[in-house]
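Single-structure report; data block below.
Okay, here's the thing in structure tokens:
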């Protein structure tokens, strides 16, 4: 017998030979859970990862659904990789951040829209707040600090 630890949909099949022998505990298939909780994986630049911590609030925007119409899904950072990874295509380093949600659907006008595994999302992680005045004065403050320093 083959049993999955969670209810879900088979996403990848790692063993596809009829009658093949598999070691105990080996991965046979990848399962995407069908529970209400959604787990989104995001790539974060090494220059930004210092500002991200577990349990930080995040907003997930599913690109298949227009954010201005459907909105997004609230979530929280659940995990950050301990070390950077490298994108095989671009060679750029990144940290993998996982964001967990309480729901896996969007609702508009009483109709529910499902989030299907593999959909592309963008994730906004809330790292702090800035007033418009702080944002506008940042270049001036930076120039002032540099002007007062000496080599």
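In our numbering, the protein residues as written are 231 to 381. Where is the CB? At the ideal position from N, CA and C, for every residue including glycine.
Integer Cβ distance of residue i from residue j, believed to fall under 8 Å
i, j, result
"residue 276", "residue 314", "6 Å"
"residue 261", "residue 274", "About 26 Å; that fails the 8 Å criterion."
"residue 270", "residue 353", "6 Å"
Exposure of residue i, with buried meaning 16 or more beta-carbon neighbours within 10 Å
i, result
"residue 325", "buried"
"residue 272", "buried"
"residue 363", "exposed"
"residue 336", "buried"
"residue 327", "buried"
Sub-8 Å separation of residue i and residue j beta-carbons
i, j, result
"residue 338", "residue 297", "no"
"residue 286", "residue 356", "yes"
"residue 257", "residue 232", "no"
"residue 284", "residue 246", "no"
"residue 198", "residue 248", "No information on residue 198 is available, as it lies outside the stretch 231 to 381 that the chain covers here."
"residue 365", "residue 295", "no"
For residue i, the residue or residues it bridges with in DSSP
i, result
"residue 274", "325"
"residue 263", "238"
"residue 296", "DSSP, once it has assigned bridges, lists no residue as partnering residue 296."
"residue 288", "305 and 355"
"residue 269", "330"
"residue 338", "341"
Worksheet entry | At least three beta-carbon pairs within less than 8 Å, the segment 282–301 to the segment 235–245 | Result no; under three Cβ-Cβ pairs closer than 8 Å.
Discussion item. Quick check: the segment 330–341 against the segment 301–309, are at least 3 beta-carbon pairs closer than 8 Å?
Written reply: yes
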